[in-house]
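In the numbering used here, the protein residues as written are 58 to 552. Note that CB positions come from ideal geometry on N, CA and C, so glycine has one too. Each remark here refers to the structure printed beneath this line.
Printed below as a string of structure tokens:
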């Protein structure tokens, strides 16, 4: 494990030497495997792969789960072995001639997309096509000068609304983490993440959010799944086809409707992968039902790799050792893009401070002022989190066991504030799927009411004003139940 206080090279117990590399903005380390970056070892591995390839001893294979029925793609998800990508952007799988002729030559494998890697499959942008080629044709292909062979498992994705943290978690991270659970033999950070898109080129990647934010958020979150730099399929030089490089990279070529680069060379092999996996079952945002188990697994995986996971969930270190219960309330900036602000945060905090017992503490949380690591570190400490509906509330997935999430209504107006429609938009659907927490929608009109407050991009946006006294009673009573539970557990433990 590691934490963000380490600023020098270390030898950690991953079986190989590693060192830390820091993102300049966040000061969060991601781990880079030294042995994978060793040029001597890499050259030997690449040379060996090429020799076996031209001897027709590299045999591709795949294992897939099938849609039943599905109108477009052949499979839900696949794990492919010894698969390559050409300068044109085409993925290819070289297979034994006899097997190819018996099973794959006359099928739909070379004409249909195999699977889709977009978190919400509302377009074909995430389609991945694999072309099966008989091994006897290997001599028709050549390796690029900068050819790379990736030995660690590689997982494919394209970004979807990744400028929004809620969509990043639900429709970017969770689908890829599911692939890790399915196809990585020993779940760890020993893998590669491969973006098949340029966040600046596709509007659906950002979905209206700033493109630089889309790239930054997606890199930080996916950086929690791997200890290698994130890879990207990219065409950095116009007219030179595509290659696999580290993200970020700006595409200089437009792909056709089969995601191929028109000027790419279909006989040049850019990279090959010992193991490559991709696919998508269904949007976690739209349908979490019966898949709730993945949330605590993701939380444990990320927190454990960051060194944040506590061994004793009943004793959590707070900012103040005398504090047994820490409450956080979201304070959005007045210029928030979509609005939906708790407009009387200061009043709520002041009332809580005046009435809470000394072992309770409330703090204002400005997520935009905290680094990614600091956000996760804070949510591991909170016993209660008060939030607006939307992406900020989805951080409830990273609250510790038995914490409480309180969230306000989603309010809209169609007549510029004369009447309001206040409702639970996606809150209950999503929050009820977080098995680690309790959730409480603050929707009753006697507790909350809405005010017309158009945002910079949403003219029908409204803010929420919460009755501080009634909110205090709700939160304090909920935490009182948690306190009694912990006291009982402590007595039984010491019995």
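For the pair residue 509 and residue 445, the CB atoms are not nearer than the 9 Å cut-off. Straight across, the Cα-Cα distance linking residue 362 with residue 487 is about 25 Å. Using a C-beta cut-off of 8 Å, the stretch 190–200 makes no contact with the stretch 229–242, since fewer than three inter-stretch Cβ pairs fall below that distance. Judged by DSSP in its simplified three-state form, residue 441 adopts strand. The beta-carbon distance between residue 465 and residue 521, rounded to whole angstroms, is 4 Å. This is short enough to meet the 8 Å contact definition. The C-beta distance from residue 310 to residue 338 rounds to 31 Å, too long to meet the 8 Å contact threshold. Within the DSSP bridge table, the entry for residue 134 names 122, 336 as partners.
Residue pairing from DSSP places residue 385 in a beta bridge opposite 420, 442. Look at residue 249 here: in three-state DSSP terms it is strand.
Contact between the stretch 246–256 and the stretch 283–291 is present: 3 or more CB-CB pairs across the two stretches fall below 8 Å. At the C-beta level, residue 320 and residue 295 come within 9 Å of one another. In the structure shown, the three-state DSSP call for residue 254 is coil.
In the DSSP assignment, the residues bridged to residue 206 are 329. Distance from residue 139 to residue 164 at the Cβ level is roughly 20 Å; contact not present, criterion being Cβ atoms closer than 8 Å. The criterion of a C-beta distance shorter than 9 Å is satisfied by residue 385 and residue 443. Contact check for residue 210 against residue 152 fails: the beta carbons are separated by 9 Å or more. Proximity to residue 324 across 274, 299, 341, 249 peaks at 299, based on C-alpha coordinates. For residue 184, same chain residues with a beta-carbon under 6 Å away, outside a window of 5 residues either side, are 170, 173 in chain order. In the three-state reduction of the DSSP assignment, residue 264 falls in the coil class. Selection 235, 306, 303, 452 evaluated against residue 222 yields 452 as nearest (Cα-Cα). Looking at the DSSP output, residue 152 shares a beta bridge with 191. Straight-line measurement puts the Cα of residue 154 at about 10 Å from the Cα of residue 161.
Taking a C-beta distance under 9 Å as the contact criterion, residue 201 and residue 144 qualify as a contact pair.
Remark: C-beta atoms of residue 496 and residue 489 approach each other more closely than 9 Å. By the beta-carbon neighbour count (other beta carbons within 10 angstroms, threshold 16), residue 549 is exposed. The C-alpha of residue 231 is placed about 18 Å away from the C-alpha of residue 284.
If you look at residue 498, you'll find it isn't in any alpha helix (DSSP H); it sits in the beta strand (DSSP E) that goes 494–498. About 6 Å separates the beta carbon of residue 401 from that of residue 523, a gap short enough to meet the 8 Å contact definition. Listed in chain order, the non-local C-beta contacts of residue 136 below 6 Å within the same chain comprise 120, 240, 334, local neighbours out to five positions each way being set aside. Closest in alpha carbon position to residue 360, among 297, 280, 379, is 280.
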